[in-house]
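This note's numbering applies: residue 849 is where the sequence shown begins, and numbers increase by one.
Inspection log for the structure reproduced underneath, given as structure tokens.
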Amino acid sequence: MKILVMSDIHANINALETVIEDAGKVDRVWCLGDLVGYGPDPNECIKKIRSLKNCICLMGNHDSAVLGNMDMEAFNRDARLSVEWNQKVINPENMNFLKNLPEKHVEEDVTLAHGSPRNPVWEYILDWQVAMNNLDFFETSFCFVGHTHIPVIFQLTEEELGSQLQILSPVGSVELTGKAIVNPGSVGQPRDRDARAAYAIYDTESKIWEPRRVAYNIAEVQNRITKFGLPERNALRIADGW
Ligand code: ZN
């Protein structure tokens, strides 16, 4: 089975549509959360995800914040203003869709979570230590997460001197082995200094993880961010990937 794995759309419909088209024919879509926040197109993105067949979508921290389930102190100013704008424009039907998103999902020997298996909505797995501490929190071989907007593979392999956690940068396809925590990066707001939308294709038979990048029309998204009066930084950062 070929699966499109993506995360952190952040209300960027140009990036989302480009990724779906670039991925081509897939059997399943796994979306790891944060459909909304930052970008200008929350309703369009939710509608697109709802229209996909065989798609499982998780709850992200921005989705949860828009629903009013989060202490807004935890958000920076731009994120908070974006959440408040989202709350005004998202229609009731789409709000209801967000409300019913699960925090975790297990399928095909993979655990899915937005942030981490230990704290699905909030925890960032940014380094070796945090990845290591999370290994005991999922029973499947692999765990796919988003949230950091940075593509990465933490892979635990058995060596002669005991097990070892390797950090692989996502260049080229990798066969996942042992136990691994894997992040496809962000569709709508990459933060690894590469402005192209990030996603991955995972093959459940071969266990091959194929990271991908695709360019999309950033200027159109920036124009709408400005038009709707969203924070200027939301427009600036998507051009440079930060
Ligand atoms: Zn995010």
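Every residue, glycine too, gets a C-beta built ideally from N, C-alpha and C.
At least one heavy atom of the ligand ZN lies less than 6 Å from the C-beta of D856.
Nearest Cα to S930 within the set R1060, G1077, D1042 and I851: G1077. One thing to note: I861 has its Cβ within 7 Å of the Cβ of C893. Cβ atoms of I1015 and W976 come within 8 Å of each other, at about 6 Å. Here W970 carries a coil assignment [DSSP, helix/strand/coil].
Taken through DSSP and simplified to helix, strand or coil, S930 comes out as helix. Residue pairing from DSSP places M854 in a beta bridge opposite C879.
A contact between stretches requires three or more CB pairs, one per stretch, nearer than 8 Å, and the segment 912-928 meets this requirement with the segment 938-948. Inclusion of N1031 and W970 in the CB contact set at 7 Å is not warranted, their separation being larger than that value. Under the three-state reduction of DSSP output, K901 falls in the coil class, being neither helix nor strand. Where K947 is concerned, the enclosing alpha helix (DSSP H) starts and stops at P940 to K947. Between the alpha carbons of Q1037 and W1090 lies a gap of roughly 8 Å.
Nearest C-alpha to I1086 among K873, D957 and I857: I857. N982 is bridged by DSSP to nothing; it lacks a bridge partner. Taken atom to atom, the span from the alpha-carbon of P1018 to that of N924 is near 28 Å. In this structure, DSSP gives R1081 a helical state, which the three-state scheme calls helix. In the structure shown, D889 falls within a coil segment according to DSSP collapsed to helix, strand and coil.
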